[in-house]
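Worksheet: the structure to be examined is printed underneath.
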Amino acid sequence: MADLYPIQVTVNGERRQCSVQPRTHLVDFLREDLGLKGSHLGCEHGVCGACTVELNGHIVRGCLTLAVQADGGEVQTIEGVSRSGVIRDLQEAFVRRNALQCGFCTSGMLMAAKELVETQPQATRAEVREWISGNYCRCTGYHAIVDAICEVLQQRQEAKA
Amino acid sequence: MKAAAFDYVKPRSLDEVLSLLQAHGDDARLLAGGQTLMATLNMRLSEPRLVIDITGIDALRGIGLQGNVLRIGALATHSDIEHSPLVAQHAPLLKAAAPHIAHRAIRNSGTWGGSIAYADPAAEWPTCLLALGGTVVARGPKGERRIAADDFFQGLYATALEPDEVLVASELPVAGPDHWFGFQELARRHGDYAIVGLAATAKRQAGVLRDVRVVLLGVDATPLRVPAAEAVLEGRTPDAALIAQAVQALRDSIDPLPDLTNSPDTKRHLAGVLLQRLMNGATHGALAA
């Protein structure tokens with residue numbers, strides 16, 4: 000067995016010092032070591048997007064990132080952005096539009112949607128569809144999810160005007 | 000699945016990486032963005048004893064203009080390239096191709112150097128590097144050397160890199176005012192593995208194309224230049240008849256490998272469709288951007 004590797008990571012604003020096996024990916028670390036079960040593991044090879052979290056301000060595939068690679072970095076998970084309220088409008092729109100059924104993909108969808116509405120406030124419906132093509136939903140068929148994200152884009156535009 | 004156990008080291012210098020590669024040989028794998036390696040580790044298609052994380056090495060970073068070449072460091076991410084004003088100005092083909100690479104979360108991690116060194120025949124960056132006539136900068140125990148893109152891709156996932164060499168950067172000739180380019184790709188859904196793709200570059204002077212390069216992805220074991228189509232276009236002004244001739248030459252000269260859902264004939268047809276689309280855009284002056 001490989002030696003444990005010490006890491007220091009700021010997770011949802013809280014500094015954590017842990018030792019991890021090098022082979023542990025970021026989401027296993029978050030779920031099993033820190034008890035943050037909001038990030039999910041679907042395919043575990045980068046296809047489904049259920050594991051989407053933010054590392055140093057950008058969304059990444061948590062299953063394709065080693066926990067040791069987050070050493071010295073900052074991670075935001077669905078728990079952090081829910082608590083801080085920065086995506087409350089997205090979460091409310093998802094509920095209002097029935098943009099989830101089983102909810103397995105939802106945390107990843109919301110993390111992906113967060114980066115879209117923050118970096119491309121003018122995104123068109125086609126661009127929204129393209130953006131979330133990296134996140135699989137096996138229940139809703141995407142339409143309601145796209146509706147919810149488009150609604151938030153419009154709300155944020157109106158709020159700025 | 001979970002990756003098998005491995006040791007991990009994050010060197011601070013390229014020299015340290017090179018000596019680790021020499022000491023551990025094929026038991027070691029380099030980790031940059033990890034968007035291919037991590038998937039193969041998780042699926043246990045790859046079980047290295049040692050993973051060497053090269054993301055702490057500043058010499059591999061950055062996108063910069065050096066004389067008449069644009070140097071893209073191995074650790075530049077796909078997103079870095081997509082949003083770089085220097086790339087938009089000096090290698091606009093890359094900006095056009097970037098959105099075709101997977102999805103945002105993957106583009107935020109995956110790297111230029113990783114894509115080129117891995118040399119997936121359906122990947123965008125190796126194809127663009129070849130279409131631009133770029134150069135790979137590699138460093139090994141004997142020092143640094145430059146390898147032309149035309150000599151770099153040698154077979155399925157096989158490149159001219161020696162096992163003890165590291166891809167440091169690539170250098171691309173800076174686009175002049177007469178630079179002409181296009182990029183087209185077909186995938187079943189956005190961001191999926193490409194079925195067929197096409198990058199083309201030339202110099203366009205008074206409507207005439209010179210130094211034409213036409214490169215296909217997803218049809219052969221490496222990104223594939225198509226000299227027969229290049230020859231039809233070389234020194235000519237594209238019109239409907241010439242484009243039809245180039246499409247025919249392309250279809251006649253390639254022998255595509257099938258994938259799980261597409262036969263060689265389907266791919267041959269689609270490759271021609273892409274050249275037609277690219278050239279039609281070009282004759283109207285509205286290149287894929």
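The listed protein sequences correspond, in order, to chains B and A.
Numbering-wise (numbering that gives the first Met the number 0), the first sequence opens with residue 0 and increments by one.
Numbering-wise (numbering that gives the first Met the number 0), the second sequence opens with residue 0 and increments by one.
Each residue gets a CB set at the ideal place from its N, CA and C atoms; glycine is no exception.
query = Hey, out of Gly-133(B), Leu-3(B), Val-145(B), whose CA is closest to Val-8(A)'s CA?
reply = Residue numbering aside, residue 8(A) sits at position 9 when the second sequence is read from its first letter. Answer by Cα proximity: Leu-3(B).
key: Phe-182(A) at chain B interface by Cβ criterion, 8 Å   = Here residue 182(A) is taken as the residue at index 183 of the second sequence, counted from 1. Closer than 8 Å: no.
query = Is the Cβ of Gly-48(B) closer than 8 Å to any Cβ of chain A?
reply = Here residue 48(B) corresponds to residue number 49 of the first sequence, with the count starting at 1. It does: the Cβ of Gly-48(B) has a partner Cβ on chain A nearer than 8 Å.
key: Proximal residues, the region 126-140 of chain B versus chain A, C-beta separation under 7 Å   = Correct list: Glu-129, Trp-130, Ser-132, Gly-133.
ask   = Can you tell me whether Arg-203(A) is buried or exposed, with buried defined as 16 or more other CB within 10 angstroms of its CB?
value = Position 204 of the second sequence, counted from the start, is the residue given in the question as residue 203(A). For Arg-203(A), the number of other beta carbons within 10 angstroms of its own is at least 16, and it is reported as buried.
query = At least one CB of chain B closer than 8 Å to the CB of Ala-186(A): is that the case?
reply = For the purposes of this step, residue 186(A) is taken as residue 187 along the second sequence, with counting starting at 1. Not a single CB atom of chain B sits nearer than 8 Å to the CB of Ala-186(A).
ask   = So Ile-86(B) and Val-94(B) are in contact, right, with Cβ under 8 Å, and what is the actual spacing, rounded?
value = By 1-based counting over the first sequence, the position of residue 86(B) is 87. By 1-based counting over the first sequence, the position of residue 94(B) is 95. Between the beta-carbon of Ile-86(B) and that of Val-94(B) there is about 12 Å, and that puts the pair past the 8 Å contact cut.
query = Can a CB atom of chain A be found closer than 8 Å to the CB of His-142(B)?
reply = Start at 1 with the first residue of the first sequence, and residue 142(B) comes out as number 143. It does not; no Cβ of chain A falls within 8 Å.
message = Using only the alpha-carbon positions, how far apart do Ala-125(B) and Ser-132(B) sit?
response = Along the first sequence, one-based indexing puts residue 125(B) at 126. Along the first sequence, one-based indexing puts residue 132(B) at 133. Cα-Cα distance, rounded: 11 Å.
ask   = Between Asp-258(A) and chain E, is there a C-beta pair that is closer than 8 Å?
value = Among the protein chains in the structure shown, which are B and A, there is no chain E.
task = Taking only the alpha-carbon atoms, compute the straight-line gap between Val-151(B) and Ile-115(A) and give it to the nearest angstrom.
result = Sequence index remark: in the first sequence, residue 151(B) carries index 152 (1-based). Sequence index remark: in the second sequence, residue 115(A) carries index 116 (1-based). Cα to Cα, the separation comes out at about 38 Å.
inquiry  = Using only the alpha-carbon positions, how far apart do Ala-186(A) and Leu-277(A) sit?
reply    = Taking the first residue of the second sequence as 1, we reach residue 186(A) at position 187. Taking the first residue of the second sequence as 1, we reach residue 277(A) at position 278. Going from the Cα of Ala-186(A) to the Cα of Leu-277(A) covers about 16 Å.
request  = Throw me the rounded Cβ distance for the Ala-4(A) and Arg-14(B) pair, which I believe falls under 8 Å.
outcome  = As a first step, residue 4(A) is located in the second sequence; it is residue number 5 there, counting from the start. As a first step, residue 14(B) is located in the first sequence; it is residue number 15 there, counting from the start. The C-beta separation of Ala-4(A) from Arg-14(B) comes to about 27 Å, leaving the pair out of contact by the 8 Å criterion.
task = Mind checking who Gln-7(B) pairs with in its DSSP beta bridge?
result = As a working note, residue 7(B) is residue 8 in the first sequence. Paired residues: Gln-16(B).
query = Can a CB atom of chain B be found closer than 8 Å to the CB of Asp-6(A)?
reply = Counting from one through the second sequence, the residue named residue 6(A) turns up at place 7. Answer yes: the Cβ-Cβ gap between Asp-6(A) and chain B drops below 8 Å somewhere.
As assigned by DSSP and simplified to three states, the class of Thr-105(B) = As a position in the first sequence, residue 105(B) is number 106, starting the count at 1. DSSP places Thr-105(B) in helix when its eight states are reduced to three.
ask   = Can you tell me whether DSSP reads Leu-64(A) as helix, strand or coil?
value = Here residue 64(A) refers to the residue found at position 65 of the second sequence. In this structure, Leu-64(A) counts as strand in the three-state DSSP scheme.
request  = Return helix, strand or coil for Trp-210(A), following the three-state DSSP convention.
outcome  = Start at 1 with the first residue of the second sequence, and residue 210(A) comes out as number 211. Note on residue identity: the sequence assigns Asp, not Trp, to residue 210(A). Of the three classes helix, strand and coil, the one that applies to Asp-210(A) here is strand, per DSSP.
Limits of the unbroken alpha helix (DSSP H) element including Thr-39(A) = Mapped onto the second sequence, residue 39(A) falls at position 40. Start and end: 36-41.
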